[in-house]
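Take a look at the structure set out below.
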Amino acid sequence: MRYSRGAMAFHWLIAALIILNIVGAVATEDMEGPVRGLAMGMHKAAGMTVLVLSVLRLGWRLGHRPPPLPAAIGRMTALAAHGVHALFYLLMFALPISGWLMISAASPRRPFNWFGLFDLPYLPVEGDKALQVVAHDAHELLFYLILALLVLHVAGALRHHFAHGRTFLFRMMPGQRRTGI
Ligand code: HEM
Ligand code: HEM
Numbered sequence: 048m049r050y051s052r053g054a055m056a057f058h059w060l061i062a063a064l065i066i067l068n069i070v071g072a073v074a075t076e077d078m079e080g081p082v083r084g085l086a087m088g089m090h091k092a093a094g095m096t097v098l099v100l101s102v103l104r105l106g107w108r109l110g111h112r113p114p115p116l117p118a119a120i121g122r123m124t125a126l127a128a129h130g131v132h133a134l135f136y137l138l139m140f141a142l143p144i145s146g147w148l149m150i151s152a153a154s155p156r157r158p159f160n161w162f163g164l165f166d167l168p169y170l171p172v173e174g175d176k177a178l179q180v181v182a183h184d185a186h187e188l189l190f191y192l193i194l195a196l197l198v199l200h201v202a203g204a205l206r207h208h209f210a211h212g213r214t215f216l217f218r219m220m221p222g223q224r225r226t227g228i
């Protein structure tokens, strides 16, 4: 059994945006001036897109049960996989919200728009220096956490893919291939 098309679309769109945002933010660290401003503008817009898509995805998920994990992977592994999935859902909200809080608490604030098309709203916390520092630290900590989860998630998916007839990944891939187990 495989995930529905909707679940796959949400999964890969959000995964791509998160991975791009991580790579982009790390690459931006050494930039300065207007180039850094442009890159951070895209980082913030992509991050807010993840937040909106995650709200939609959670709504979708509550109405659509995922296919059960194959019994072949074992009870403890299934428990661990569900734990990683639940933490991912938490981080898909917490990471963008911590970034949103960080830039909203700054004073003066920098421009905040969606890829130059329209302005995005700030949270009402302008000038709260202490909150800005906490949100910044949280953003960094959550980044390390999602990175660790991603390593576990991909390693687990690949392990079960190769251990069970190279079909496990197809649960989350569109197409006609058999999912086997
Ligand atoms: C930051 C990036 C990613 C995030 C946040 C993420 C998150 C998730 C979540 C939350 C689920 C469970 C879906 C649900 O039950 O609603 C899931 C399932 C899955 N993901 Fe990812 N994922 C990411 C990247 C990847 C990558 C790079 C791969 C490729 C190896 C992958 C392969 C899978 C597979 C095969 C499943 C289905 C697992 C199952 O059968 O239960 N994911 N992912
Ligand atoms: C998918 C969501 C997001 C991911 C994965 C992400 C990831 C990251 C990463 C990896 C860094 C570099 C951290 C470091 O090395 O210290 C960073 C920095 C930053 N992020 Fe995000 N971010 C996301 C969403 C957001 C959002 C929504 C905003 C604001 C609206 C934001 C604002 C910032 C800012 C301002 C910095 C630079 C902080 C500094 O100057 O040190 N991020 N982000």
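Taken in order, the sequence shown gives residues 48 to 228; the numbers are from our numbering.
Glycine residues also receive a C-beta, built at the ideal position from the N, C-alpha and C atoms.
1) Does DSSP put Asp-184 in a helix, a strand or coil?
2) Following a CB-centred definition, is Ile-66 positioned closer than 7 angstroms to any heavy atom of ligand 1?
3) So, for Met-149: in the same chain, excluding its five sequence neighbours on each side, which residues have a beta-carbon less than 7 angstroms away from its beta-carbon?
4) Check the C-beta distance from Gly-71 over to Met-89 and give it rounded, since I have them as a contact under 8 angstroms.
5) If you pair each beta-carbon of the stretch 153-161 with each one of the stretch 124-140, do three or more pairs fall below 8 angstroms?
6) Mind the definition here: the stretch 99-112 touches the stretch 57-64 only if three or more C-beta pairs lie below 8 angstroms; say whether that holds.
7) Quick check on the DSSP output: the alpha helix (DSSP H) that includes Tyr-136 runs from which residue to which?
8) Quick check on the DSSP output: the alpha helix (DSSP H) that includes Ser-101 runs from which residue to which?
9) Return the residue from the list Ala-152, Asp-175, His-129 and Lys-176 that minimises the CA-CA distance to Pro-168.
10) Nearest to Ser-145 by CA position, among Pro-115, Thr-124, Arg-108 and Phe-190, is which residue?
11) Pull up the DSSP beta-bridge partners for Asp-166, would you.
12) Please determine whether the Cβ atom of Ile-150 lies at a distance below 7 angstroms from any heavy atom of ligand 2.
13) Could you tell me whether the Cβ atoms of Arg-52 and Pro-221 are closer together than 8 angstroms?
14) Quick one: residues in its chain with C-beta nearer than 7 angstroms to the C-beta of Met-87, no 5 flanking neighbours on either side, listed in chain order?
15) Suppose you measure from the CA of Phe-165 to the CA of Met-55; what does that come to, to the nearest Å?
Working from what's here:
1) Residue 184 sits at position 137 when you count from the first residue of the sequence shown. Helix.
2) Position 19 of the sequence shown, counting from 1, holds the residue named residue 66. Correct: Ile-66 has its Cβ closer than 7 angstroms to ligand 1.
3) The residue labelled residue 149 in the question sits at position 102 within the sequence shown. For Met-149, where only same-chain residues beyond five positions count, the Cβ hits under 7 angstroms are Gln-179, Ala-182, His-183 and His-186.
4) Residue 71 sits at position 24 when you count from the first residue of the sequence shown. Residue 89 sits at position 42 when you count from the first residue of the sequence shown. Yes, they are in contact, since the Cβ atoms of Gly-71 and Met-89 sit about 7 angstroms apart, within 8 angstroms.
5) no
6) yes
7) In the sequence shown, residue 136 corresponds to position 89, counting from 1. Its alpha helix (DSSP H) spans residues 122-152.
8) For the purposes of this step, residue 101 is taken as the residue at position 54 of the sequence shown. Counting along the chain, the alpha helix (DSSP H) containing Ser-101 begins and ends at 80-110.
9) As a position in the sequence shown, residue 168 is number 121, starting the count at 1. Residue Ala-152 is the option with its Cα nearest to Pro-168.
10) As a working note, residue 145 is residue 98 in the sequence shown. Checked all of Pro-115, Thr-124, Arg-108 and Phe-190; the closest Cα to Ser-145 is Phe-190.
11) The sequence position of residue 166 within the sequence shown is 119, counting from 1. Asn-160, per the DSSP bridge assignment.
12) What you label residue 150 is simply residue 103 of the sequence shown in a count that begins at 1. Checking every heavy atom of ligand 2 against the Cβ of Ile-150, one is found closer than 7 angstroms.
13) The residue given as residue 52 occupies position 5 in the sequence shown. The residue given as residue 221 occupies position 174 in the sequence shown. Yes; because the gap between Cβ atoms is below 8 angstroms, this pair is in contact.
14) Within the sequence shown, numbered from 1, the residue matching residue 87 stands at position 40. Excluding residues within five positions, the ones whose Cβ falls inside 7 angstroms are Thr-75.
15) Taking the sequence shown and counting its residues from 1, one reaches residue 165 at position 118. Taking the sequence shown and counting its residues from 1, one reaches residue 55 at position 8. The straight-line gap from Cα to Cα measures roughly 28 angstroms.
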